[in-house]
Amino acid sequence: MLGVDRDSKGEQHVLELQVLAGDPSAEEIAAVTVVLLSGSGADVAGEVPAPVSRWRASAIPGAAGRPGPGAWRASALPAQR
Numbered sequence: 000m001l002g003v004d005r006d007s008k009g010e011q012h013v014l015e016l017q018v019l020a021g022d023p024s025a026e027e028i029a030a031v032t033v034v035l036l037s038g039s040g041a042d043v044a045g046e047v048p049a050p051v052s053r054w055r056a057s058a059i060p061g062a063a064g065r066p067g068p069g070a071w072r073a074s075a076l077p078a079q080r
């Protein structure tokens, strides 16, 4: 068994890994399992990331950081082209 996945309705689906040819070692199967789970977006640990507040400055598109050195003086000067 590779893992358990939940769809948008909250239903669980079991993901299976089947070896069709060859005789892979346990380490090779573990490596393939890690690669497949990391690429699929499956939540291995079962942890849900904390939501990000939309009021944070980093969440607002186009929000500038703090003014840099000389910004006050540069705001009064004509635009440089």
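For the sequence shown, counting from 1, position 72 maps to 71 in numbering that gives the first Met the number 0; every step adds exactly one. Glycine included, every Cβ here is placed at the ideal spot set by N, Cα and C. Computed from a prediction, not measured in an experiment: that's the story for all the values here.
Query raised in the report: Where do the N-terminal and C-terminal ends of the alpha helix (DSSP H) with S74 fall, by residue?
Result: By 1-based counting over the sequence shown, the position of residue 74 is 75. That run of the alpha helix (DSSP H) goes A70 to A75.
**Report entry** Beta-carbon contacts of V18 that lie in its chain and below 6 Å, excluding the five residues immediately before and after
**Finding:** Within the sequence shown, the letter at position 19 stands for residue 18. Cβ within range, chain order: n/a, list empty.
**Report entry** Contact check, V47 vs A58, beta carbons under 8 Å
**Finding:** Start at 1 with the first residue of the sequence shown, and residue 47 comes out as number 48. Start at 1 with the first residue of the sequence shown, and residue 58 comes out as number 59. Against a cut-off of 8 Å, the Cβ pair of A58 and V47 comes out as no contact.
Query - Neighbourhood of P68 by C-beta distance below 8 Å, restricted to the same chain and skipping five residues each side - result: Looking up residue 68 in the sequence shown gives position 69. Excluding positions up to five away in sequence, the list is empty.
Query raised in the report: Do you know how far the Cα of P66 is from the Cα of S74?
Result: Start at 1 with the first residue of the sequence shown, and residue 74 comes out as number 75. Start at 1 with the first residue of the sequence shown, and residue 66 comes out as number 67. If you take the alpha carbons of S74 and P66, they lie about 10 Å apart.
Query - D22 to R55 span [Cα, whole Å] - result: Locating residue 22 in the sequence shown gives position 23, where the first residue counts as 1. Locating residue 55 in the sequence shown gives position 56, where the first residue counts as 1. Distance between the alpha carbons of D22 and R55 is about 52 Å.
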